[in-house]
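Listed in order, the protein sequences are those of chains A and B.
FYI, numbering that gives the first Met the number 0 numbers position 539 of the first sequence as 538, with every residue one higher than the one before it.
FYI, numbering that gives the first Met the number 0 numbers position 57 of the second sequence as 56, with every residue one higher than the one before it.
C-beta: ideal position from N, C-alpha, C; glycine also.
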Amino acid sequence: MPAPIRLRELIRTIRTARTQAEEREMIQKECAAIRSSFREEDNTYRCRNVAKLLYMHMLGYPAHFGQLECLKLIASQKFTDKRIGYLGAMLLLDERQDVHLLMTNCIKNDLNHSTQYVQGLALCTLGCMGSSEMCRDLAGEVEKLLKTSNSYLRKKAALCAVHVIRKVPELMEMFLPATKNLLSEKNHGVLHTSVVLLTEMCERSPDMLAHFRKNEKLVPQLVRILKNLIMSGYSPEHDVSGISDPFLQVRILRLLRILGRSDDDSSEAMNDILAQVATNTETSKNVGNAILYETVLTIMDIKSESGLRVLAINILGRFLLNNDKNIRYVALTSLLKTVQTDHNAVQRHRSTIVDCLKDLDVSIKRRAMELSFALVNGNNIRGMMKELLYFLDSCDPEFKADCASGVFLAAEKYAPSKRWHIDTIMRVLTTAGSYVRDDSVPNLIQLITNSVEMHAYTVQRLYKALLDDISQQPLVQVASWCIGEYGDLLVSGQCEEEEPIQVTEDEVLDVLEGLLVSNLSTPVTRGYSLTAIMKLSTRFTSVNRIKKVVSIYGSSIDVELQQRAVEYNALFKKYDHMRPALLERMPIMEKSASNGPTEIVQTNGETEPSVEPKHPPPVTQPANQANDLLDLLGGNDVVPVIQTTMPTKPASAGGELLDLLGDLSLSGGPAPAPAPSVPTSQPPFLLDGLSSQPLFNDIAAAAIPPMTAYNKNGLKIDFTFERANPNPNIAVITIHASNSTEADMTDFVFQAAVPKTFQLQLLSPSSNVVPALNQGTVTQVIRVLNPQKQQLRMRIKLTYTLKGSPVQDLAEVNNFPPQSWQ
Amino acid sequence: MQFMLLFSRQGKLRLQKWYVPLCDKEKKKITRELVQTVLARKPKMCSFLEWRDLKIVYKRYASLYFCCAIEDQDNELITLEIIHRYVELLDKYFGSVCELDIIFNFEKAYFILDEFLLGGEAQETSKKNVLKAIEQADLLQEVTQECQTPPFTMKMNI
């Protein structure tokens with residue numbers, strides 16, 4: 000049989016293949032030849048065949064049938080065989096295959112071989128891929144070699160020991176004695192690997208760490224070695240661009256870091272050498288900067304004095320200005336680690352960091368962005384935000400979501416004014432609107448609602464943005480919501496902050512309807528815009544158009560839209576009298592102090608108005624409350640309440656207090672249309688089918704004394720007070736009606752009116768029968784909003800039936816205790 | 000260091016050294032993904048990138064990419080120096096090394112690497128000492144071949 004072709008010959012042949020198929024054919028042919036050669040147990044050419052197999056393996060072809068052959072090569076006495084055999088073992092075998100354990104004996108023998116190069120091969124293989132079992136078996140041999148005086152073997156044994164410790168940590172102890180005088184070696188190879196070994200031991204075991212600090216006095220030894228490296232003259236053997244053995248220097252600095260961490264004495268002992276390295280290292284080449292980098296990491300991690308820390312940060316600052324982008328990258332990474340602890344020092348380099356936002360490299364940009372956000376504070380918010388918004392404009396899509404979130408967070412924390420805040424939000428929505436996270440929409444809505452004086456400005460800007468672009472859903476959703484709420488401000492052209500635009504109701508409705516039909520709108524967005532259109536029915540005059548739109552969507556394929564449309568239709572038809580109250584302007588939403596931005600109580604005009612957002616404990620409605628439907632037809636126990644508000648009614652002749660009978664109306668909000676005045680004979684509606692459960696838990700009383708508001712003909716009405724936390728402008732009054740006559744008072748109705756500057760909300764009574772002889776009380780809750788803190792006055796009207804005959808009475812209540820309205 | 004890969008601009012693997020135990024399939028997957036990622040980098044970008052939970056340090060020398068995966072606490076800049084040192088060793092050994100040298104003498108490239116790094120860490124920081132050791136080992140290889148070659152058969156080069 001002809002001799003198998005040589006390795007180089009094979010490589011040459013395979014490279015001539017012009018197609019993948021041709022190559023595969025050649026490989027298969029050769030593999031077949033090799034396989035038969037293996038079968039023949041050919042010792043002479045085994046080495047050559049395995050080498051060829053390794054080449055084919057690197058090309059990606061299977062070579063597992065060569066595994067056993069590698070073992071045979073390792074067992075051979077020829078050095079060539081061993082060399083290829085061990086190489087093959089490292090490439091083809093790994094600890095997952097049981098076969099590898101067969102190596103153990105060979106390695107053991109070779110560790111004791113007479114030739115150091117054979118021993119070296121064994122150490123190398125063991126240290127590279129030895130499994131835990133192999134390590135356990137051979138640790139003793141490695142330990143022996145760690146004590147040899149042969150530096151060639153000693154250095155390899157040290158790294159092999161590192162591998163053993165990583166695989167079998169319990170064996171660490173046995174290497175301890177051998178480390179005794181490792182550092183007194185002159186050979187740099189041994190020094191380097193010893194430092195690596197000591198680092199591994201100190202990192203893994205606090206006991207070892209303590210031992211090396213105290214007993215072995217490792218720090219002074221390391222300091223001495225490092226000093227020699229720096230001070231000694233040119234050493235050609237270890238020189239790299241004028242620096243002596245940078246690899247060793249870096250490893251020593253890393254070990255010093257571990258020794259100095261949380262230890263004052265060690266940190267002090269290394270203070271001087273660190274300062275020396277930091278100031279004397281040549282920075283023109285990468286080598287010097289590598290050492291400086293390690294030095295900075297060490298300084299920041301140990302208990303260094305402040306002067307040293309400032310030195311370190313300044314080095315990083317200089318790194319930021321380096322032409323080499325690798326250096327800049329490394330600087331940004333390090334600064335990110337230290338920005339929390341050394342914030343002021345890092346602030347000094349803020350402008351350089353911000354410049355890095357414009358770098359071409361993605362990794363540098365990301366780090367610069369993270370660092371910029373970490374550096375934003377109340378003083379630099381305007382400048383920083385300008386840069387960050389510019390960055391948001393021009394950055395890659397992968398950054399936009401994070402950047403947008405960061406901008407929102409920073410704006411929320413440090414916004415210098417509401418106008419600025421709104422402008423910033425607008426900027427983000429218009430430039431990166433589609434990358435904004437979903438939970439930002441409710442957050443932004445809450446923010447906008449609470450900036451009362453900016454409503455007109457906000458809705459105007461959002462409207463203009465919509466005219467430009469309706470593709471970015473978060474922007475569209477926030478805009479629809481605002482137009483629905485503040486559309487009246489938009490058409491009335493009252494904007495203080497900028498030039499008001501002239502826009503008609505029809506134009507606004509055109510835009511909103513456009514959103515409904517556009518392909519770009521998601522179902523959620525459509526829901527927003529339908530609701531917005533509906534809300535405008537109480538703010539605009541073109542109600543018919545709105546009615547038409549709403550009824551069209553009553554047959555929409557989208558179930559969500561259909562349901563909304565149907566219910567809004569019902570609002571127009573059967574419940575038209577409730578419509579204004581339900582679609583009234585949203586009250587200010589309170590954020591409870593502990594909530595982060597994502598936990599807003601989202602209520603809008605659709606949910607039952609009696610679910611008061613200000614009510615503590617906060618009602619935890621799901622964040623997408625906007626999608627909840629008003630359940631007009633029951634299902635919830637909570638009862639719709641008629642709000643008796645009358646601030647916009649023209650004053651009737653006679654001054655501030657209104658005539659209860661004539662003007663008790665249900666129109667809420669600044670609706671320009673005259674609200675239909677509903678006669679007060681609403682008892683059936685007020686009282687029908689209502690549950691009598693009280694809607695409020697007792698709020699923590701602010702100790703306001705109760706009072707008697709009315710006491711006549713056996714009917715006594717007491718008022719008790721509570722303050723509604725957290726809004727101190729709201730007084731919560733509970734009336735207690737008691738009946739001292741012999742007969743029950745049935746069909747009891749309590750009504751109240753307040754002056755124009757107040758707002759009043761009356762909740763449903765506990766019952767409409769006041770039992771005779773003080774056997775029970777009817778309670779009802781009144782909430783009075785008194786933003787101007789005026790003296791509280793109230794006119795009340797009582798109607799009831801006693802012994803078959805109706806009784807009616809009017810009274811004024813003026814004796815409110817001062818604490819109830821101050 | 001967890002592993003080192005050498006590959007050409009066309010993505011062909013020229014050397015792979017793994018210091019962590021992984022099955023063949025996993026190694027192939029990592030190699031494929033990483034080669035793709037590194038080849039997609041533009042020339043102006045920095046030599047470091049984050050990939051999975053590792054730091055990747057790479058440098059291009061002529062037509063070959065040298066790519067190392069290091070751990071979080073390792074120094075990226077000194078890793079660049081390690082790569083450079085290895086290239087210098089190859090250069091000295093082969094005399095102005097080029098990709099073809101490494102293709103045709105891949106086993107020697109491995110031997111040199113194994114004399115410089117062990118278990119992912121540098122075992123010798125002196126260029127001279129590494130080259131000397133390789134030289135001696137090569138000599139040993141030739142000598143033992145000479146001794147064991149029967150005079151009438153051909154010289155047993157691989």
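(message) Could you compute how far the alpha carbon of Lys216 of chain A sits from the alpha carbon of Asn343 of chain A?
(response) Working through the first sequence from its first residue, we reach residue 216 of chain A at position 217. Working through the first sequence from its first residue, we reach residue 343 of chain A at position 344. For Lys216 of chain A and Asn343 of chain A, the distance between alpha carbons rounds to 35 Å.
(message) Could you compute how far the alpha carbon of Lys573 of chain A sits from the alpha carbon of Ala580 of chain A?
(response) Sequence index remark: in the first sequence, residue 573 of chain A carries index 574 (1-based). Sequence index remark: in the first sequence, residue 580 of chain A carries index 581 (1-based). About 14 Å.
(message) Can you look up Ala39 of chain B in the DSSP assignment and give me helix, strand or coil?
(response) On the second sequence, residue 39 of chain B is found 40 positions in, with the first residue counted as 1. Of the three classes helix, strand and coil, the one that applies to Ala39 of chain B here is coil, per DSSP.
(message) For Ala564 of chain A, which residues in the same chain have their Cβ closer than 6 Å to its Cβ, ignoring the five residues on either side in sequence?
(response) Stepping through the first sequence from its first residue, residue 564 of chain A is reached at position 565. Correct list, in chain order: Val549, Tyr552, Gly553.
(message) Residues in the same chain with beta-carbon distance under 7 Å from Gly405 of chain A, minus the five sequence neighbours each way, listed in chain order, please.
(response) Mapped onto the first sequence, residue 405 of chain A falls at position 406. Result list for Gly405 of chain A: Phe372, in chain order.
(request) State whether the stretch 40-60 of chain A contacts the stretch 75-87 of chain A, with contact taken as three or more CB pairs (one from each stretch) at a distance under 8 Å. (result) yes
(request) May I ask you to check if the CB of Thr798 of chain A is nearer than 6 Å to at least one heavy atom of the ligand FMN? (result) Absent from the structure shown: the ligand FMN. Ligands present: none.
(request) Indicate whether at least one CB of chain A lies closer than 7 Å to the CB of Gly118 of chain B. (result) On the second sequence, position 119 is the one that residue 118 of chain B refers to. Closer than 7 Å: yes.
(request) Please compile the residues from chain B whose C-beta is within a distance smaller than 8 Å of the C-beta of Gly126 of chain A. (result) Within the first sequence, the letter at position 127 stands for residue 126 of chain A. Those are Leu117, Gly118, listed as they occur along chain B.
(message) Does any residue of chain B have a CB that is nearer than 7 Å to the CB of Val549 of chain A?
(response) Walking along the first sequence from the start, residue 549 of chain A turns up at place 550. No, Val549 of chain A does not count as interfacial toward chain B.
(message) Check whether chain A comes within 7 Å of Gln9 of chain B, counting only Cβ atoms and requiring the distance to be less than that.
(response) Along the second sequence, read from residue 1 onward, the residue named residue 9 of chain B stands at position 10. No - not a single Cβ of chain A is within 7 Å of the one on Gln9 of chain B.
(request) Tell me whether the beta-carbon of Gln476 of chain A lies closer than 7 Å to the beta-carbon of Val427 of chain A. (result) The residue you call residue 476 of chain A lines up with position 477 of the first sequence. The residue you call residue 427 of chain A lines up with position 428 of the first sequence. Taking 7 Å as the Cβ cut-off, Gln476 of chain A and Val427 of chain A do not qualify as a contacting pair.
(message) With H, G and I counted as helix, E and B as strand and the rest as coil, what does DSSP make of Met3 of chain B?
(response) Taking the second sequence and counting its residues from 1, the one referred to as residue 3 of chain B is at position 4. Of the three classes helix, strand and coil, the one that applies to Met3 of chain B here is strand, per DSSP.
(request) Please say whether Met55 of chain A and Ile26 of chain A have beta carbons closer to each other than 7 Å? (result) Within the first sequence, residue 26 of chain A is the residue found at index 27, counting from 1. Within the first sequence, residue 55 of chain A is the residue found at index 56, counting from 1. For Ile26 of chain A and Met55 of chain A, yes; Cβs fall inside 7 Å.
(request) Compute the beta-carbon to beta-carbon distance between Thr524 of chain A and Leu514 of chain A, rounded to the nearest angstrom, for a pair I have assumed lies under 8 Å. (result) Within the first sequence, the letter at position 525 stands for residue 524 of chain A. Within the first sequence, the letter at position 515 stands for residue 514 of chain A. The pair is a contact, with the Cβ atoms about 6 Å apart (cut-off 8 Å).
(message) Which residues in chain A have a C-beta closer than 9 Å to the C-beta of Phe6 of chain B? List them in chain order.
(response) Counted from its first residue, the second sequence places residue 6 of chain B at position 7. Correct list: empty, because the minimum Cβ distance to chain A is about 11 Å.
(request) Could you name the residues of the same chain whose beta carbon sits closer than 6 Å to that of Lys146 of chain A, not counting the 5 residues immediately before and after it, in chain order? (result) Taking the first residue of the first sequence as 1, we reach residue 146 of chain A at position 147. So the list reads Ala177, once near-sequence residues are dropped.
(message) Just list the residues that DSSP pairs Ser204 of chain A with in beta bridges.
(response) Numbered from 1 along the first sequence, position 205 holds the residue referred to as residue 204 of chain A. Beta-bridge pairing links Ser204 of chain A to no other residue.
(message) Let me confirm a value: Thr337 of chain A is counted as buried when at least 16 other C-beta atoms fall within 10 Å, else exposed. Which label applies?
(response) Working through the first sequence from its first residue, we reach residue 337 of chain A at position 338. Per the 10 Å Cβ criterion, buried.
(request) Look up Asp113 of chain B in the DSSP assignment and say whether it is helix, strand or coil. (result) For the purposes of this step, residue 113 of chain B is taken as residue 114 along the second sequence, with counting starting at 1. Looking at Asp113 of chain B - three-state DSSP - the assignment turns out to be helix.
(message) Under 8 Å: do the stretch 740-754 of chain A and the stretch 798-807 of chain A share three or more Cβ pairs, one atom per stretch?
(response) yes
(request) With DSSP as the reference, label Gln779 of chain A as helix, strand or coil. (result) Residue 779 of chain A sits at position 780 when you count from the first residue of the first sequence. Strand, per DSSP.
(message) Looking at Ile326 of chain A: is its Cβ nearer than 7 Å to the Cβ of Asn279 of chain A?
(response) On the first sequence, residue 326 of chain A is found 327 positions in, with the first residue counted as 1. On the first sequence, residue 279 of chain A is found 280 positions in, with the first residue counted as 1. Not a contact, by the Cβ cut-off of 7 Å.
(message) Quick check on His735 of chain A: does DSSP put it in helix, strand or coil?
(response) Your numbering for residue 735 of chain A matches position 736 in the first sequence. It is a strand residue.
(request) In the DSSP assignment, find the beta strand (DSSP E) that holds Arg13 of chain B and state where it starts and stops. (result) As a first step, residue 13 of chain B is located in the second sequence; it is residue number 14 there, counting from the start. Unbroken beta strand (DSSP E) run through Arg13 of chain B: 12-17.
(message) Between Glu22 of chain A and chain B, is the shortest Cβ-Cβ distance under 7 Å, so that the two count as touching?
(response) For the purposes of this step, residue 22 of chain A is taken as residue 23 along the first sequence, with counting starting at 1. Taking Cβ atoms only, chain B never reaches closer than 7 Å to Glu22 of chain A, which makes this a no.
(message) Let me see if you follow: with CB-CB separation under 7 Å, is Arg203 of chain A close to chain B or not?
(response) As a position in the first sequence, residue 203 of chain A is number 204, starting the count at 1. It does not; no Cβ of chain B falls within 7 Å.
(message) I'd like the list of long-range same chain contacts for Ser148 of chain A, defined as Cβ closer than 7 Å, with 5 residues on each side in sequence excluded.
(response) Here residue 148 of chain A refers to the residue found at position 149 when the first sequence is read from its first residue. There are no such residues.
(message) What ranges does the alpha helix (DSSP H) occupy inside the stretch 60-116 of chain A, keeping only unbroken runs of at least 4 residues that lie completely in it?
(response) 66-74, 78-91, 102-110
(message) Given a cut-off of 7 Å on the beta-carbon distance, is the pair Cys69 of chain A and Gly87 of chain A in contact?
(response) Here residue 69 of chain A is taken as the residue at index 70 of the first sequence, counted from 1. Here residue 87 of chain A is taken as the residue at index 88 of the first sequence, counted from 1. Result yes, Cβ atoms of Cys69 of chain A and Gly87 of chain A sit closer than 7 Å.
(message) Leu228 of chain A and Gln248 of chain A - do their beta-carbons sit closer together than 7 Å?
(response) Along the first sequence, read from residue 1 onward, the residue named residue 248 of chain A stands at position 249. Along the first sequence, read from residue 1 onward, the residue named residue 228 of chain A stands at position 229. A contact, by the Cβ cut-off of 7 Å.
(request) Would you list, in chain order, the members of the stretch 433-450 of chain A that have their beta-carbon closer than 7 Å to a beta-carbon of chain B? (result) none
(request) Find the nearest neighbour of Leu772 of chain A within the set A:Ser765, A:Leu714, A:Tyr799, judged by alpha-carbon distance. (result) As a working mapping, residue 772 of chain A is identified with position 773 in the first sequence. Of A:Ser765, A:Leu714, A:Tyr799, the residue nearest in Cα terms is A:Leu714.
(message) Check this for me: beta carbons of Gly486 of chain A and Leu535 of chain A, under 7 Å apart or not?
(response) Translated into the one-based positions of the first sequence, residue 486 of chain A becomes position 487. Translated into the one-based positions of the first sequence, residue 535 of chain A becomes position 536. Cβ atoms of Gly486 of chain A and Leu535 of chain A: closer than 7 Å.
(request) Report the option in A:Tyr709, A:Val768, A:His735 whose CA atom is closest to the CA atom of Ala810 of chain A. (result) Locating residue 810 of chain A in the first sequence gives position 811, counting from the first residue. Ranking the options by Cα distance to Ala810 of chain A, first place goes to A:Tyr709.
(message) Could you tell me which whole beta strand (DSSP E) segments of length 3 or greater appear in the stretch 749-818 of chain A?
(response) 758-761, 776-784, 793-801, 804-812
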